Amino acid sequence: MEEMRASWELSDPSLFGTGVLLGKKVVHVLVVLPPTLPVPQGGAITMGGVTFPFMQTMKLNQSVAKFWKSLREMSPEVVADAVIALPEGTFILGVQKLGSVIYIRHCYPQLWKLCLETLNHAAIANRCVVILGTPGIGKTHFGYLVLFHLAHWSNGGL
1 MEEMRASWEL
11 SDPSLFGTGV
21 LLGKKVVHVL
31 VVLPPTLPVP
41 QGGAITMGGV
51 TFPFMQTMKL
61 NQSVAKFWKS
71 LREMSPEVVA
81 DAVIALPEGT
91 FILGVQKLGS
101 VIYIRHCYPQ
111 LWKLCLETLN
121 HAAIANRCVV
131 ILGTPGIGKT
141 HFGYLVLFHL
151 AHWSNGGL
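UniProt numbering applies: residue 1 is where the sequence shown begins, and numbers increase by one.
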């Protein structure tokens, strides 16, 4: 398909045929419709009582699935100042650049316990936790530990 040029006069019958009447000094908007998308059909993954639907056309990222599976197969015990080492060829979030070792800082187990207490506290209406801090203190790595706990807490996930 040839691209439209701003310099073309739209009333030229060679553009749209003789049956289309486009007046001069009138703004015309041309829209090219995208191809029809498939109606979402597929299954769903349920974790912690929340269901996430997916389409049949969605593909499971095998590297992420391998990461999640390895977390689920590890001992759920977490010790401060220790290391969670993923199996060979398995990387954090399936990304080789992130490595395959999660260091458990001394404050992580206490922070996780505090998060759980906050989330499970019946008196709090909007139970949520936000981890804030200056760059480099370990928020992202704490997030990996949260994933580790969720892998053991969920009903199977991936």
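Every residue, glycine too, gets a C-beta built ideally from N, C-alpha and C.
Being a predicted model, the structure only gives us computed values, none of them experimental.
Rounding to the nearest angstrom, what Cα-Cα distance links residue i and residue j in this structure?
i: Asp12; j: Val20; result: 10 Å
i: Glu3; j: Phe16; result: 13 Å
i: Trp112; j: His106; result: 11 Å
i: Tyr144; j: Gly138; result: 10 Å
i: Leu158; j: His141; result: Low confidence applies to Leu158: its pLDDT is 43, below 50, so where it sits in the model is not reliable enough to give any reading.
i: Ile72; j: Cys115; result: The displayed chain sequence assigns Arg, not Ile, to residue 72. Using only the alpha carbons, I get a separation of about 20 Å.
i: Arg5; j: Thr46; result: 50 Å
i: Met74; j: Ile124; result: 32 Å
i: Pro76; j: Gly48; result: 17 Å
i: Gln62; j: Lys24; result: 57 Å
i: Ile92; j: His121; result: 31 Å
Please tell me whether residue i and residue j are closer than 9 Å, where the distance is taken between their beta carbons.
i: Val64; j: Gly43; result: no
i: Val78; j: Pro109; result: yes
i: Leu33; j: Leu22; result: no
Report the three-state DSSP secondary structure of residue i (helix, strand or coil).
i: Lys24; result: coil
i: Ile104; result: strand
i: Trp112; result: helix
i: Thr18; result: coil
i: Arg72; result: helix
i: Trp8; result: coil
i: His121; result: coil
i: Phe91; result: coil
i: Leu158; result: Legend: pLDDT at Leu158 = 43, less than 50; position of this residue unreliable, value from coordinates given subsequently. Here Leu158 sits in coil by DSSP.
i: Lys139; result: helix
i: Leu145; result: helix
In this structure, what does DSSP give as the bridge partners for residue i?
i: Met47; result: Val50
i: Ile84; result: Ile102
TODO: Could you tell me whether the region 128-135 touches the region 43-62, where touching means 3 or more Cβ pairs closer than 8 Å?
DONE: no
Open item on the list: Any contact between the region 101-110 and the region 75-92? By contact I mean 3 or more CB pairs, one from each, below 8 Å.
Closed with: yes
Open item on the list: Measuring CB atoms only, is the region 64-81 touching the region 139-154, in the sense that at least three cross pairs come out at less than 8 Å?
Closed with: yes
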